[in-house]
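Trainee: Have a look at the structure that comes next, please.
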Amino acid sequence: MDKSLQYHRRRSEQDGGSGTELTQELFVGGEWMDRSAYGKTFDVTNPANGEVLATLPDAGRKEMQRAIDAAAGAQKDWAATTAAYRAGVMREAARLMHERQEHLATVMTLEQGKPLAESRGEIVYAASFIEWFAGEAERVYGRTVPASAPGKRILVIKRPVGVTAAITPWNFPAAMITRKLGPALAAGCTQVIKPAKLTPLSALELAKIFEEAGLPAGVLSVVVGTDTGAITSAVMEDRRVRKLSFTGSSSSSAIPTG
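Taken in order, the sequence shown gives residues 61 to 318; the numbers are from this note's numbering.
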């Protein structure tokens, strides 16, 4: 067994705690929502042994609507930032992901079950999306197109579409987020994320990193709960959400498509 997982198990056996610090909160509109304020919670467990790793607030429609409100409120200011500023925040987030690779990988293995070596590899892979799209943020150019009338030109200016949403699966709980979040942030869009309820801790760790990297409040929210239909319907029914990126099973796809 890897020494990181040995440490986690030893701490758990000694005092009922966790050798790896795991969040017990959701991230909505730039605020961490403690489970003590909720009457309903759900457990995140280790698939290898059934151990309860964390107990999170069981969010639903109300929390997703709050996240969308925050994203819509932050959209104008985030879109107005320079490409260099957005790229700087993203590069700092990628740097922190590399710096905390071991912690992020351990969290992933504990909640998802893949070998620790594969989790380490996924963190590097996930960070690469943020790094690449940080560069793309500074390469978003418009176009000048010849017109059919003499002496005229058609000017194409690219603008952020607005609030975006991401629904992600359990099997790649970090990389499937960053490949959706990266282009949204680079383009100047805010995003609400609904990770799989089996693996929400990796998403919340990423939220911590982006907050520390300087991402403004409201630009990113992570909402997860056991009532997937209520959460996703809140996304689909809100006209302020202009784009949705979904990766998941065929059964889950029936929810966002109706």
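We put the CB at the ideal spot given by N, CA and C, even for glycine.
Comparing alpha-carbon positions, which option in L266, V295 and L245 lies nearest L82?
Mentor: L266
Trainee: At what residues does the beta strand (DSSP E) containing A226 begin and finish?
Mentor: V223 to I227
Trainee: Where does the unbroken alpha helix (DSSP H) through S179 begin, and where does it stop?
Mentor: L176 to A197
Trainee: Could you tell me the distance, in whole angstroms, from the CA atom of A194 to the CA atom of G248?
Mentor: 11 Å
Trainee: Determine the DSSP secondary structure at I217, reduced to helix, strand or coil.
Mentor: coil
Trainee: Hey, Q251 and L215 are a contact pair by Cβ (cut 8 Å); roughly how many whole angstroms apart?
Mentor: Not really, about 28 Å apart at Cβ, beyond 8 Å.
Trainee: Do D103 and T115 come within 8 Å of each other at the CB atom, strictly closer than that value?
Mentor: Cβ distance < 8 Å, so T115 and D103 count as in contact.
Trainee: Given a cut-off of 8 Å on the beta-carbon distance, is the pair P233 and P255 in contact?
Mentor: yes
Trainee: Check whether the Cβ atoms of D94 and G285 sit closer than 8 Å, and answer yes or no.
Mentor: no
Trainee: Just verifying my parser: in three-state terms, what is the DSSP assignment at E91?
Mentor: strand
Trainee: Using a 10 Å radius around the Cβ and a threshold of 16 neighbouring Cβ atoms, would you call G242 buried or exposed?
Mentor: buried
Trainee: In the DSSP assignment, find the beta strand (DSSP E) that holds L116 and state where it starts and stops.
Mentor: V112 to P117
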